[in-house]
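With the numbering used here, the residue at position 145 of the sequence shown is 147, and numbering never jumps.
Think of the CB as a built atom: it goes at the ideal place given N, C-alpha and C, for glycine as much as any other residue.
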Amino acid sequence: MKVLYTGSFDPITVGHLDIIRRISKMFETVVVTVFNNKEKKYWFSIEERCEMVRGATRDIENVEVDFTGGLVVDYCDRNGISIIVRGLRAVSDYEYELSISSINKHLNKELETIFLVASPQYSFLSSSMVKDVAEHGGPFEDLVPENVAQNIYRLLGRK
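Next up, the structure:
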């Protein structure tokens with residue numbers, strides 16, 4: 003069975019990667035889609051984010067990486083996907099994800115959303131936090147895959 007894990011991944015973190023690894027053990031194929039949220043300002047282009055996700059997941063055989071700009075339900079329809087997996091770090095994530103899951107279900111009655119709780123060591127981690135730490139010169143390298151750290155150094159003109 004093919005499932006979808008989607009996010010803006012600006013940048014992908016070790017928390018995202020942990021969720022992807024865990025999903026990959028449960029399902030035949032994990033399609034990781036990178037999307038643009040018009041509410042967000044991005045450090046990296048969608049192409050760069052896709053490349054970083056590909057690099058971070060290259061050792062996970064059953065992961066495919068793609069991008070989408072439209073509705074997730076439309077992407078799922080076009081690609082024969084009936085399950086979306088979302089990671090939850092806190093109750094606030096659940097409230098947001100529940101509303102998204104509900105509208106997705108309204109738009110496509112066959113679409114299911116599965117919530118996977120973040121591993122405790124990553125429950126605090128977000129892409130925004132990584133960017134904040136990196137911008138202020140703090141140590142961020144253990145929060146992102148190695149290929150992503152190199153892209154952040156390049157972007158910020160360091161190392």
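Handout entry: Nearest-angstrom Cα separation, counted from residue 158 out to residue 147
Key = As a first step, residue 147 must be located in the sequence shown, where it is residue number 145. As a first step, residue 158 must be located in the sequence shown, where it is residue number 156. Residue 147 and residue 158: Cα-Cα distance of roughly 17 Å.
Handout entry: Where residue 16 sits in the DSSP three-state scheme
Key = Here residue 16 is taken as the residue at index 14 of the sequence shown, counted from 1. If DSSP states are grouped into helix, strand and coil, residue 16 belongs with the helices.
Exercise for the section: Return helix, strand or coil for residue 118, following the three-state DSSP convention. Expected result: Taking the sequence shown and counting its residues from 1, one reaches residue 118 at position 116. Strand, per DSSP.
Exercise for the section: Look at residue 85 and residue 116 and say whether their C-beta atoms are less than 8 Å apart. Expected result: Here residue 85 refers to the residue found at position 83 when the sequence shown is read from its first residue. Here residue 116 refers to the residue found at position 114 when the sequence shown is read from its first residue. Against a cut-off of 8 Å, the Cβ pair of residue 116 and residue 85 comes out as a contact.
Handout entry: Inter-residue CB distance, residue 32 and residue 55 (contact presumed, cutoff 8 Å)
Key = As a first step, residue 32 must be located in the sequence shown, where it is residue number 30. As a first step, residue 55 must be located in the sequence shown, where it is residue number 53. Between residue 55 and residue 32 the Cβ distance is about 11 Å, and since that is not below 8 Å, they are no contact.
Practice task
Please check the pair residue 35 and residue 77, which I expect to be a contact at CB under 8 Å, by giving their CB distance rounded to whole angstroms.
Solution key: To locate residue 35, count along the sequence shown from 1; it is residue 33. To locate residue 77, count along the sequence shown from 1; it is residue 75. Confirmed, Cβ separation roughly 6 Å.
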